[in-house]
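Residue numbers (the numbering used here): 335 to 394. The beta-carbon is built from N, C-alpha and C at its ideal position, and this holds for glycine as well. Everything below concerns the one structure shown next.
See the structure below:
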């Protein structure tokens, strides 16, 4: 289980909404900078973004 998921499990609903908003901002930032990366870095970034999406779904 990821560290983010363990943290989310300990938060109340209001805190989860705040965390979800922060994760969405992070996802947007990572997506915007990935265009200037090498192919292998882009793949790694896509994996990280997918993990963030999964964590955000859990926070919903």
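Local Cβ density within 10 Å of residue i, reported as buried at 16 or more and exposed below that
i	result
residue 389	buried
residue 363	exposed
Own chain residues within Cβ distance below 7 Å of residue i, not counting five before or after
i	result
residue 365	383
residue 385	336
residue 368	376 and 379
residue 371	379
Extent of the continuous alpha helix (DSSP H) run through residue i
i	result
residue 342	337-343
8 Å CB neighbourhood of residue i in its chain, flanking five on each side removed
i	result
residue 361	383, 386, 387 and 390
Mind listing, in chain order, the continuous beta strand (DSSP E) runs of no fewer than 3 residues lying wholly within the stretch 354-389?
Counting whole runs of 3 or more residues, the stretch 354-389 contains no beta strand (DSSP E) stretch at all.
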